[in-house]
Amino acid sequence: MNKSKLIATLIIFLIRLVSKLSLRWAQRLGGWLGALTWRCNAGPARVTRTNLQRCFPEKSAAEINALGAASMRETGKVAFETGAVWEWPAEKTLSLIKSIDGEHLIKEAEDAGKGLILLAPHLGNWEVAGLFFAARYSMAALYQPPKIEELDDYMRAVRERNGSELVPANKRGVMRLFHILREQGVIGILPDQEPELSGGVFAPFFGIPANTIKLVSKLIERTDAKVLCVYAKRLPEGEGFVMTVRSVAADIYSEDLETSAAALNATVEACVRETPEQYQWEYKRFKRRPDGERHFYD
């Protein structure tokens with residue numbers, strides 16, 4: 185067995201092992217791991233602190249520390265919830281969604297008779313959000329395949345088990361998204377991943393220029409699709425999730441690329457501000473900087 189296959193086998197084993205836990209215990213273990221990461225000031229904790237200090241300059245050091253610790257606990261929960269989301273029967277996982285906040289927005293989008301783009305930022309549990317909409321629609325989701333082929337095979341199998349189509353983030357995959365939207369289909373995109381410089385434009389996110397994906401704006405312009413922002417908000421004590429649906433900033437439909445990208449970021453920011461501790465702050469969202477700006481991270 186080669187090294188990559190061994191790593192994939194180990195990761196899949198651990199995911200399946202964690203899936204034997206109840207949601208409450210998976211979240212407790214994940215929370216403990218996140219708390220330990222924060223106390224040890226490990227790499228993810230340092231990135232989290234940097235991002236929070238930049239995005240919330242009005243907060244005191246004590247407030248940043250409290251929010252950072254809470255964020256790392258919530259991120260740990262995401263990691264340990266993956267076993268449940270990927271390995272449990274879809275019906276069991278969907279039963280964790282206790283209510284839908286903003287369901288009328290879904291109905292309005294359906295009645296528009298156009299394609300629908302679902303923005304699913306790294307907030308709450310995006311895997312739960314993806315499963316919810318895959319159960320409701322025949323939809324496609326843009327994703328970045330992992331480098332380990334065996335792990336990619338596993339991820340595709342568990343994510344597509346409910347009828348969702350995974351579309352790789354390449355030219356062929358993008359063309360597939362255009363086709364689906366022109367046929368009034370539904371697609372899902374993670375809007376807060378930093379693209380290559382050629383695929384992005386700098387637009388404000390929490391007041392900071394952030395390299396922002398162009399694709400969403402181009403999809404809207406060429407297909408006249410509707411857009412919603414969605415996330416599965418985690419409830420306390422393993423009680424489940426609230427599927428949260430929000431409208432987008434109106435300027436996201438602007439034909440001006442920078443205006444549209446700024447509205448996309450404003451939409452994500454508004455959702456993050458609703459429950460900031462459940463955002464993935466340890467991601468290096470501001471890694472690429474405009475010419476002449478210093479890097480944020482170590």
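Read the sequence shown against this note's numbering and you will find it ends at 482, with the numbers running on by one and no gaps. Each residue gets a CB set at the ideal place from its N, CA and C atoms; glycine is no exception.
query                                                                                                     : result
8 Å Cβ cutoff met for residue 301 and residue 429                                                         : no
Residue 462 to residue 370 span [Cα, whole Å]                                                             : 25 Å
Straight-line Cα distance separating residue 310 from residue 220                                         : 23 Å
Strand pairing of residue 313, partner residues [DSSP]                                                    : In the DSSP output, where bridge partners are listed per residue, residue 313 has none listed.
Test item: CB-CB of residue 326 and residue 304 under 8 Å                                                 : no
Host alpha helix (DSSP H) of residue 265 (start-end)                                                      : 245–271
Local Cβ density within 10 Å of residue 420, reported as buried at 16 or more and exposed below that      : exposed
Collapsed DSSP secondary structure at residue 276 in the structure displayed                              : helix
Option in 272, 361, 262 and 339 with minimal Cα separation from residue 299                               : 361
Range of the contiguous beta strand (DSSP E) that encloses residue 428                                    : 425–430
Length at least 4, wholly inside the segment 307–358: the alpha helix (DSSP H) runs in chain order        : 310–320 and 333–343
Counted within 10 angstroms of its Cβ, other Cβ atoms place residue 444 as buried (16 or more) or exposed : buried
Within-8 Å CB hit, residue 460 to chain C                                                                 : Here chain C cannot be found, since the structure has a single protein chain.
Beta-carbon proximity of residue 394 to residue 403, cut-off 8 Å                                          : no
Residue(s) in a DSSP beta bridge with residue 397                                                         : 384
Local conformation of residue 437 per DSSP, three classes                                                 : helix
Best match in 233, 200, 355 and 328 for proximity to residue 543 [C-alpha to C-alpha]                     : This structure does not reach residue 543, given that the chain is present from 185 up to 482, and the question cannot be answered.
Per-residue burial, residue 224 [other beta carbons within 10 Å of its own, 16 or more giving buried]     : exposed
Integer Cβ distance of residue 372 from residue 317, believed to fall under 8 Å                           : 7 Å
CA-to-CA distance, residue 469 to residue 222, given in whole angstroms                                   : 19 Å
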